[in-house]
Amino acid sequence: MRLTGIALFLLLFCPFSVAAAALGDFGAEAAVPAPGDPEAPVWTEPSASPQKSFHMSDPEGLALARALLESGRQNEAGQIYVLLLQSRIPEVRVEALFQLGQIALLEREYNRAVEYFLIILNRFPDLARVRLELARAYFLNENYEEARFQFELVKGGAGLPPEVLEKVDVFLESIRRQKNWTLDFGLSLTPDSNINQVSGANRECIATVYGLLCRDLKKKESGLGLRVNATADYYRRFSKDLGLRSTLGLYMTDFPGSFYDDYILYAASGPRYIWGSGEISLQPSFSKRWIGGKPYSESYGGRLDAQKNLGRLFLNFGGAYAENFYHNENFNAFLRGETYSAYLRPRYILTSQSFIQAGLRYERDNTADGIYGSGSLTYSLGGYYFFRHGVSLFVEGSLTDALYHKRQNYITEDYRIDSARRKDRLHGLYAALSVNWLEHLGITPMLQYNYTRRSSNIWSYDYDRHRVNLAFNFRF
Numbered sequence: 019m020r021l022t023g024i025a026l027f028l029l030l031f032c033p034f035s036v037a038a039a040a041l042g043d044f045g046a047e048a049a050v051p052a053p054g055d056p057e058a059p060v061w062t063e064p065s066a067s068p069q070k071s072f073h074m075s076d077p078e079g080l081a082l083a084r085a086l087l088e089s090g091r092q093n094e095a096g097q098i099y100v101l102l103l104q105s106r107i108p109e110v111r112v113e114a115l116f117q118l119g120q121i122a123l124l125e126r127e128y129n130r131a132v133e134y135f136l137i138i139l140n141r142f143p144d145l146a147r148v149r150l151e152l153a154r155a156y157f158l159n160e161n162y163e164e165a166r167f168q169f170e171l172v173k174g175g176a177g178l179p180p181e182v183l184e185k186v187d188v189f190l191e192s193i194r195r196q197k198n199w200t201l202d203f204g205l206s207l208t209p210d211s212n213i214n215q216v217s218g219a220n221r222e223c224i225a226t227v228y229g230l231l232c233r234d235l236k237k238k239e240s241g242l243g244l245r246v247n248a249t250a251d252y253y254r255r256f257s258k259d260l261g262l263r264s265t266l267g268l269y270m271t272d273f274p275g276s277f278y279d280d281y282i283l284y285a286a287s288g289p290r291y292i293w294g295s296g297e298i299s300l301q302p303s304f305s306k307r308w309i310g311g312k313p314y315s316e317s318y319g320g321r322l323d324a325q326k327n328l329g330r331l332f333l334n335f336g337g338a339y340a341e342n343f344y345h346n347e348n349f350n351a352f353l354r355g356e357t358y359s360a361y362l363r364p365r366y367i368l369t370s371q372s373f374i375q376a377g378l379r380y381e382r383d384n385t386a387d388g389i390y391g392s393g394s395l396t397y398s399l400g401g402y403y404f405f406r407h408g409v410s411l412f413v414e415g416s417l418t419d420a421l422y423h424k425r426q427n428y429i430t431e432d433y434r435i436d437s438a439r440r441k442d443r444l445h446g447l448y449a450a451l452s453v454n455w456l457e458h459l460g461i462t463p464m465l466q467y468n469y470t471r472r473s474s475n476i477w478s479y480d481y482d483r484h485r486v487n488l489a490f491n492f493r494f
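In structure tokens, the structure reads:
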């Protein structure tokens with residue numbers, strides 16, 4: 019089927035909210051045009067010779083288009099549905115868009131189908147039936163990550179029969195078994211209010227018999243950085259349930275002057291086992307870090323990751339171990355050691371446009387000098403909501419308590435020397451606002467905000483930090 023003129027231009031090239039607005043306000047109410055009304059759709063019979071034109075009401079147009087579609091005449095049905103996009107009745111326009119999406123699926127025009135379904139959801143985000151078709155379009159287009167996300171949201175849809183939810187589980191299992199590659203690439207500008215993570219105090223002093231002996235402390239430094247995140251997962255199947263999962267990641271933050279540049283290269287590969295409602299993988303891993311353009315550290319270890327689906331509840335859990343080494347001999351003498359971690363991250367689907375997510379993470383760093391080693395426990399709670407006009411928001415708060423292994427000497431705020439085991443508490447807030455207006459280009463614009471506040475029983479470790487990212491995530 020070929021769509022011509024303004025309708026094709028709007029549907030394929032405009033941001034979805036703009037295109038939908040150009041096709042009419044979905045919230046408007048109007049009466050059904052009667053047969054013979056000048057505003058009623060005009061249908062030209064393509065097989066007549068000479069051609070005949072006649073007026074029909076919206077219900078008649080829908081009935082005719084449905085009959086044509088059932089008889090396999092997709093092109094003619096599509097032409098009527100395009101005319102019905104001009105209807106003054108919101109339900110008629112929604113039905114026309116939905117059926118145009120179905121026709122696009124039949125013709126294997128999966129990107130076009132995605133655009134039709136998103137136009138509807140951007141105005142009516144709670145239509146689980148439409149979201150189900152959107153997920154199916156992503157699946158057929160082999161965009162498995164987006165399909166997985168949409169299928170999971172479908173589980174929260176109201177009024178869906180049990181057999182539909184069972185089919186959703188079948189799709190989710192099929193995604194785990196069929197995907198070969200997952201490629202994620204993100205590019206963002208990153209204003210940072212405290213790149214060097216210092217307290218902002220001007221100096222610290224010791225009281226002596228000769229008076230105060232002081233030294234200047236580092237000042238907060240801010241800047242605008244460029245961040246690049248790139249991750250590739252490759253899945254090789256050996257049998258129905260067993261395969262190999264390989265991961266390669268590059269994470270770069272670049273600031274002017276290069277002193278605070280931070281680059282991390284990560285690689286892992288190992289066996290992956292899949293069953294009906296979940297999967298598990300075990301990967302030996304390696305990472306290398308550069309700071310300020312110079313090699314900083316290397317880590318060798320392994321990680322275990324697992325997923326389990328329980329109806330609307332999706333569980334992610336696992337753990338990791340790493341041996342850490344530092345290129346600077348002085349740093350290595352104090353900081354070398356092991357890191358252990360474990361995490362649990364449940365996500366519950368509330369509706370077809372929202373979910374809540376909790377997190378629990380434990381991490382222990384053992385260092386050659388116990389002053390620098392610590393154990394920490396992080397709690398987090400967040401939520402996601404898909405609004406009208408293609409806007410979605412994710413917000414998550416976190417709390418981390420860290421206790422260091424060994425006492426250390428420090429200078430108090432009243433100029434004395436004291437000794438204590440360092441205790442830190444970190445409050446974090448993360449928010450991400452994204453839009454799907456560039457979905458037809460495989461790009462997701464996102465505005466991200468990070469806030470961190472660290473409070474310590476050793477005052478010089480206190481700091482707060484604000485970061486804002488204007489990010490563009492690319493899908494390949």
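Under the working numbering, the first residue of the sequence shown carries the number 19, and numbering increases by one thereafter.
C-beta atoms are modelled at their ideal positions from N, C-alpha and C, and glycine is treated no differently.
- For the 8 angstroms CB-CB criterion, Ser474 and Lys441 form a contact.
- Three or more beta-carbon pairs separated by less than 8 angstroms are not found between the region 177 to 184 and the region 445 to 459, which leaves the two stretches without contact.
- Unbroken beta strand (DSSP E) runs of no fewer than 3 residues, entirely contained in the region 354 to 414, are found at 355 to 369, 372 to 385, 392 to 404, following chain order.
- Under the Cβ criterion (8 angstroms, minimum of three pairs), the region 205 to 213 does not count as touching the region 164 to 173.
- DSSP links Lys306 through a beta bridge to Leu283, Glu316.
- Here DSSP, grouped into helix, strand and coil, assigns Tyr278 to coil.
- For Asn214, the three-state secondary structure derived from DSSP is coil.
- Closest in C-alpha terms to Tyr344, from the list Tyr314, Asp76, Gly336, comes Tyr314.
- In chain order, Ser295 place their CB closer than 8 angstroms to the CB of Leu328, counting only its own chain and leaving out the 5 sequence neighbours on each side.
- DSSP places Ser192 within a helical segment (H, G or I) once states are collapsed to three.
- DSSP, reduced to helix, strand and coil, places Ala85 within a helical segment of the structure shown.
- Across the structure, Glu78 and Arg84 are spaced so that their CA atoms are roughly 10 angstroms apart.
- Sixteen is the threshold: since fewer than 16 other Cβ atoms of the shown chains lie within 10 Å of the Cβ of Ser89, the residue is exposed.
- Relative to the Cα of Ala450, the nearest Cα in the group Gly460, Gly401, Arg425 belongs to Gly401.
- In the DSSP assignment, Arg493 falls outside any alpha helix (DSSP H) and lies within the beta strand (DSSP E) extending over 481 to 493.
- Annotation: Gly96 to Leu102 spans about 10 angstroms, alpha carbon to alpha carbon.
- Here Leu322 carries a strand assignment [DSSP, helix/strand/coil].
- At the C-beta level, Thr418 and Leu459 stay beyond 8 angstroms of one another.
- Sequence-distant partners of Leu136 (beyond 5 residues in either direction) whose C-beta falls short of 8 angstroms from its own C-beta, in its chain, are Phe34, Leu152, Gly408, Asn454, Glu457.
- Three or more beta-carbon pairs separated by less than 8 angstroms are not found between the region 121 to 132 and the region 104 to 113, which leaves the two stretches without contact.
- A contact is defined here as three or more CB-CB pairs under 8 angstroms, and the region 273 to 292 fails this definition with respect to the region 182 to 190.
- The continuous alpha helix (DSSP H) containing Leu136 extends over residues 128 to 141.
- Cβ-Cβ distances below 7 angstroms link Arg365 to Phe332, Phe373, Gln375 in the same chain, with the five nearest sequence neighbours on each side left out; the list follows chain order.
- In terms of Cα proximity to Asn346, the closest of Tyr318, Asn384, Arg307 is Arg307.
- Bridge partners of Ile224 according to DSSP: Leu231.
- Each of Arg290, Pro289, Arg255, Leu244 was checked against the Cα of Asp272, and the nearest Cα belongs to Leu244.
- Taking C-beta atoms as the reference points, Ser359 and Ala338 count as a pair closer than 8 angstroms.
- Within the model, the alpha-carbon separation for Met270 versus Ile121 is close to 43 angstroms.
- By a beta-carbon distance limit of 8 angstroms, Leu322 does not contact Gly311. Their separation comes to about 34 angstroms.
- Counting C-beta atoms within 10 angstroms of its own C-beta, Ser105 has 16 or more neighbours from the protein chains shown and is therefore classed as buried.
- Ala248 is not a Cβ neighbour of Phe277, given a cutoff of 8 angstroms.
- Taking the CA atoms as reference points, Arg263 sits about 31 angstroms from Ser392.
- Taking the Cα of Arg472 as reference, the smallest distance to any Cα among Gln466, Gly446, Leu465 is reached at Gly446.
- In this structure, Tyr479 sits away from Ile224, with a CB-CB distance that is not shorter than 8 angstroms.
- Within the model, the alpha-carbon separation for Tyr134 versus Leu399 is close to 34 angstroms.
- When secondary structure is reduced to three states using DSSP, Gly175 falls in the coil class, being assigned neither helix nor strand.
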